[in-house]
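A short write-up of the structure that comes next.
There are 2 protein chains.
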Amino acid sequence: MSQARRSSCPIACSLDLIGDRWTLLVIRDMMFLKKQRFEEFLESPEKISTNILTNRLKSLEEMGLVEKHAYSNHSRRMNYQLTEQGESLRPVLKAMIAWGLKHVPDTQIPDDQQSEV
Amino acid sequence: MSQARRSSCPIACSLDLIGDRWTLLVIRDMMFLKKQRFEEFLESPEKISTNILTNRLKSLEEMGLVEKHAYSNHSRRMNYQLTEQGESLRPVLKAMIAWGLKHVPDTQIPDDQQSEV
DNA sequence: GAACATGACTTGTAAAATGCAAGTAACCTT
DNA sequence: AAGGTTACTTGCATTTTACAAGTCATGTTC
Numbered sequence: 715m716s717q718a719r720r721s722s723c724p725i726a727c728s729l730d731l732i733g734d735r736w737t738l739l740v741i742r743d744m745m746f747l748k749k750q751r752f753e754e755f756l757e758s759p760e761k762i763s764t765n766i767l768t769n770r771l772k773s774l775e776e777m778g779l780v781e782k783h784a785y786s787n788h789s790r791r792m793n794y795q796l797t798e799q800g801e802s803l804r805p806v807l808k809a810m811i812a813w814g815l816k817h818v819p820d821t822q823i824p825d826d827q828q829s830e831v
Numbered sequence: 715m716s717q718a719r720r721s722s723c724p725i726a727c728s729l730d731l732i733g734d735r736w737t738l739l740v741i742r743d744m745m746f747l748k749k750q751r752f753e754e755f756l757e758s759p760e761k762i763s764t765n766i767l768t769n770r771l772k773s774l775e776e777m778g779l780v781e782k783h784a785y786s787n788h789s790r791r792m793n794y795q796l797t798e799q800g801e802s803l804r805p806v807l808k809a810m811i812a813w814g815l816k817h818v819p820d821t822q823i824p825d826d827q828q829s830e831v
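Chains A and B, in that order, give the protein sequences.
Just remember that my numbering sits 714 ahead of the position in the first sequence, which is counted from 1.
Just remember that my numbering sits 714 ahead of the position in the second sequence, which is counted from 1.
Below you can see the structure in the form of structure tokens.
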């Protein structure tokens, strides 16, 4: 992910931060599927690889969209949570869900997520 | 851009189609700035390069988000326009504009676009 | 208390995408 | 016939991605 912004356009700046194939999937896992741990993100069907996940979690933390905390005294276990700023991406994600469901064939969301649409 | 979908998740599928740093900027240019020609897209402040622009316009056309037409009999001049399906990305773009304006410092949109927010 | 399990990475390497500059080619006007 | 316009194409260096394997600190089990 690059660091220099390309313009002052809010779309371009948003894309500079979250415009790739993986970042929003990690946020999806946290926002809708309530995942909080490295290994949980790895289990998602898109199969993110470990180096990219490490990289994205670090970027998200640096951007202030995610916070990382040690999970009490439970080995090296870490807890990743959306910050308020990360949570504020919900309308973007919801718009993408609605668009995908309508315009990409054979997309679907889990039964227990129907209330989100 | 890859062609195989990674899962049936509408977010993942949307990202497979439009999840990169350039595609949504081309759509922005068409949707809000009413740009329709190759050279116009090149003028945007983010300075997309010609090979990437060619590639993205082709992908967008293949996805059915954009239509390409010859501009009457005016040399090789082409006209690119959003299809209804491309136009339907407006809520996604608007959500990103709102998020960018609120959460990325020093972002702004042109005066004549204020009504879009 | 040594072997094993857990969880979060790191490393290496090949493949693909991006960025930049320059060149090409069809068509139209002069 | 010459020159301008428009939309690309090509070459190449750099960066990012993808995949597989290995590491390492801590906690659990026998």
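Ideal Cβ positions, reconstructed from N, Cα and C, are used throughout, including at glycine.
1) Could you pull out every residue in the same chain whose Cβ sits closer than 6 Å to the Cβ of M777 of chain B, ignoring the five residues on either side in sequence?
2) DSSP state of L667 of chain A, grouped into three classes?
3) Closer than 9 Å between beta carbons: that is the criterion. Which residues of the stretch 753-764 of chain A meet it against chain B?
4) In chain order, what are the residue ranges of uninterrupted beta strand (DSSP E) at least 3 long that sit wholly in the stretch 717-798 of chain A?
5) Can you tell me which of A:L807, A:Y785, A:S786 puts its alpha carbon nearest to the alpha carbon of I741 of chain A?
6) Answer yes or no: the CB of K772 of chain B versus the heavy atoms of the ligand FAD, is any distance below 7 Å?
7) Quick check: what's the CA-CA separation for P724 of chain A versus L738 of chain A?
8) Run the CB neighbour count on R790 of chain B, radius 10 Å, all protein chains shown included, and call it buried at 16 or more, exposed below.
9) Here's a check: name, in chain order, each residue in its chain whose Cβ is nearer than 6 Å to the Cβ of Q799 of chain A, leaving out the five neighbours to either side.
10) As a quick exercise: from A:Q750, A:S802, A:K772, A:I823, pick the residue whose alpha carbon is nearest that of W813 of chain B.
11) If you measure from the beta carbon of A809 of chain A to each beta carbon in chain B, is any gap under 8 Å?
12) With distance defined between alpha-carbon atoms, name the residue in B:L796, B:L815, B:I811, B:V818 nearest to K749 of chain B.
13) Per DSSP, what kind of secondary structure is P825 of chain A in: helix, strand or coil?
14) Roughly how many angstroms separate the alpha carbons of M715 of chain B and G733 of chain A, rounded to a whole number?
15) Roughly how many angstroms lie between the CA atoms of E835 of chain A and E753 of chain A, to the nearest whole one?
Reading off the structure:
1) If the five residues before and after M777 of chain B are omitted, its C-beta is found closer than 6 Å to the C-beta atoms of L731, all from its own chain and listed in chain order.
2) Beyond the ends of chain A as shown, which are 715 and 831, falls residue 667 of chain A; an answer cannot be given.
3) Listed in chain order, the positions of the stretch 753-764 of chain A with a beta carbon within less than 9 Å of a beta carbon of chain B are S758, P759, E760, K761.
4) For the stretch 717-798 of chain A, the continuous beta strand (DSSP E) assignments of 3+ residues that do not extend past its boundaries occur at 780-784, 792-796, in sequence order.
5) Here the closest residue by C-alpha is A:L807.
6) Questions concerning the ligand FAD fall outside what the structure shown contains, since it holds no ligand whatsoever.
7) Answer to the nearest angstrom: the Cα atoms are 17 Å apart.
8) Exposed.
9) Result list for Q799 of chain A: G778, L779, in chain order.
10) Looking at the Cα atoms, A:S802 is the closest of the given residues.
11) Judged by the 8 Å Cβ criterion, A809 of chain A is in contact with chain B.
12) The shortest Cα separation from K749 of chain B among B:L796, B:L815, B:I811, B:V818 belongs to B:L796.
13) The residue you asked about is not Pro; residue 825 of chain A is Asp in the sequence shown. The three-state secondary structure of D825 of chain A, taken from DSSP, is helix.
14) Any answer about M715 of chain B is weak, because its pLDDT of 49 lies below 50 and its placement is not dependable; what the coordinates show is given next. Inter-residue distance for M715 of chain B and G733 of chain A is about 13 Å (C-alpha atoms, whole angstroms).
15) Coverage of chain A is limited to positions 715 through 831, which leaves residue 835 of chain A absent and any answer about it impossible.
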